[in-house]
Amino acid sequence: MKLKGMSPAEFSRAIDRQPGQVNQFAGPNPKKNIGSRLARHIEQQLGLPKSSLDTPHAFTEQQASATVIKLPRKDGAPLVLEPVAPWDSDTPLDDDEVTLPLYKEVEIAAGSGRTAVQPVEGRLLRFSLATLRACGVEPANAICATASGHSMFPLILHGATIGIDKGMTKVVDGEIYALEHDGELRVKFVIRRPGTGFTLRSYNQQEFQDEDFTFEEFIEQRISIIGRVFWWSTIRPLRGSPSII
1 MKLKGMSPAE FSRAIDRQPG QVNQFAGPNP KKNIGSRLAR HIEQQLGLPK SSLDTPHAFT
61 EQQASATVIK LPRKDGAPLV LEPVAPWDSD TPLDDDEVTL PLYKEVEIAA GSGRTAVQPV
121 EGRLLRFSLA TLRACGVEPA NAICATASGH SMFPLILHGA TIGIDKGMTK VVDGEIYALE
181 HDGELRVKFV IRRPGTGFTL RSYNQQEFQD EDFTFEEFIE QRISIIGRVF WWSTIRPLRG
241 SPSII
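Everything in the sequence shown is counted per full-length UniProt numbering, starting at 1 for the first residue and increasing by one.
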């Protein structure tokens with residue numbers, strides 16, 4: 001296995017595997033086959049066409065130079081940039097992927113003005129199992145939602161997609177949580193006030209003050225913790241964002 005301009009150590013880092021593991025299937029004296037799951041992982045990491053490793057001589061210098069861009073980093077390790085892989089609802093999941101439902105505020109009854117945080121039918125997001133494992137999140141407990149407003153600016157921007165762990169509703173100071181407040185989806189730091197209740201805190205404290213609630217007020221105002229926010233991703237549209245000036 002030879003890649004143009006990439007040493008075995010660089011290749012190991014590029015596919016996020018230990019050099020010893022790589023030597024077992026790609027060293028001078030390979031001891032085992034690569035396996036389907038690892039092949040899909042390598043293809044994804046290097047931006048190779050799916051199933052390209054199922055054919056002989058799949059790793060060619062032409063493919064490597066066309067699909068991998070290496071940039072220098074301060075620590076000397078290569079930064080590998082991969083092309084974006086387009087997909088749609090008909091694209092099969094890879095072995096290391098799952099789909100997560102997308103939640104948003106929806107009107108309970110037409111014209112009532114009352115909302116609830118519910119899943120959007122037919123809207124699913126692909127997510128890496130490795131990311132979920134790194135965050136300690138069980139796939140069955142993971143959902144996604146869209147944040148709105150600028151109370152968490154500049155940490156979480158308006159329109160950001162957030163990942164929520166429904167299995168983690170215990171309040172840990174310093175963590176960010178998604179909450180449902182009388183049908184409204186909110187994203188806040190939640191801080192315990194021993195014996196009295198909770199404080200909801202925004203990242204943008206210049207414009208948004210702390211909100212203190214007793215346990216009774218939490219119940220009366222229909223506030224519930226959906227789960228801990230473990231991930232977020234932001235797009236930067238030119239129009240449509242609320243002004244913060």
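Positions of the beta carbon are idealized from the N, C-alpha and C atoms, including for glycine. Here the structure is a predicted model, which means the values were calculated and not measured.
Where Glu10 is concerned, the enclosing alpha helix (DSSP H) starts and stops at Pro8 to Ala14. The region 206 to 225 and the region 179 to 198 touch, with three or more beta-carbon pairs separated by less than 8 Å. Judged by DSSP secondary structure, Ile225 falls within the beta strand (DSSP E) whose first and last residues are Ile223 to Ser233. Residue nearest to Arg192 within the set Thr161, Val172 and Ser224 is Val172 (criterion: CA-CA distance). Of the candidates Gly122, Ile15 and Pro92, the residue whose Cα lies closest to the Cα of Gly47 is Ile15. DSSP, read as helix, strand or coil, puts Ile42 in helix.
In the DSSP annotation of this structure, Ile156 is not part of any alpha helix (DSSP H), being labelled neither H nor E. Minimum Cα-Cα distance from Leu132 among the listed residues Met152, Leu93 and Glu97 corresponds to Glu97.
Under DSSP, Pro101 forms a beta bridge with Leu124. Secondary structure note for Ala134: its alpha helix (DSSP H) is the uninterrupted segment Leu129 to Ala134. In this structure, DSSP gives Val137 a state outside helix and strand, which the three-state scheme calls coil. Of all C-beta pairs linking the region 218 to 227 to the region 162 to 178, three or more are shorter than 8 Å, placing the two stretches in contact. Residue pairing from DSSP places Thr146 in a beta bridge opposite Thr161. The beta carbon of Val187 is closer than 8 Å to those of Ala147, Ser151, Met152, Ile156, Ile162, Ile176, Tyr177, Ala178, Leu179 and Val229 in its chain, skipping five residues each way along the sequence.
As a beta-bridge residue in DSSP terms, Glu211 pairs with Leu200. Looking at the DSSP output, Val190 shares a beta bridge with Leu200. With respect to the C-alpha of Leu124, the residue from Lys104, Ser36, Glu138 and Asn23 having the closest C-alpha is Lys104. Residue state for Gln21 is assigned as helix, using DSSP reduced to three classes. Counting of Cβ neighbours within 10 angstroms places Ser233 among the exposed residues, the total staying below 16. The alpha-carbon of Leu102 is positioned some 6 Å away from that of Pro119. Your pair Asp165 and Ala130 does not check out as a contact, with CB atoms roughly 16 Å apart and the cut at 8 Å.
The beta carbon of Pro8 is closer than 7 Å to those of Pro19 and Val22 in its chain, skipping five residues each way along the sequence. Residue pairing from DSSP places Ile176 in a beta bridge opposite Phe189.
If you check the CB distance, Glu184 and Thr115 come in under 8 Å. Excluding sequence positions up to five before and after His181, its CB lies within less than 6 Å of the CB of Ile223, all in the same chain and listed in chain order.
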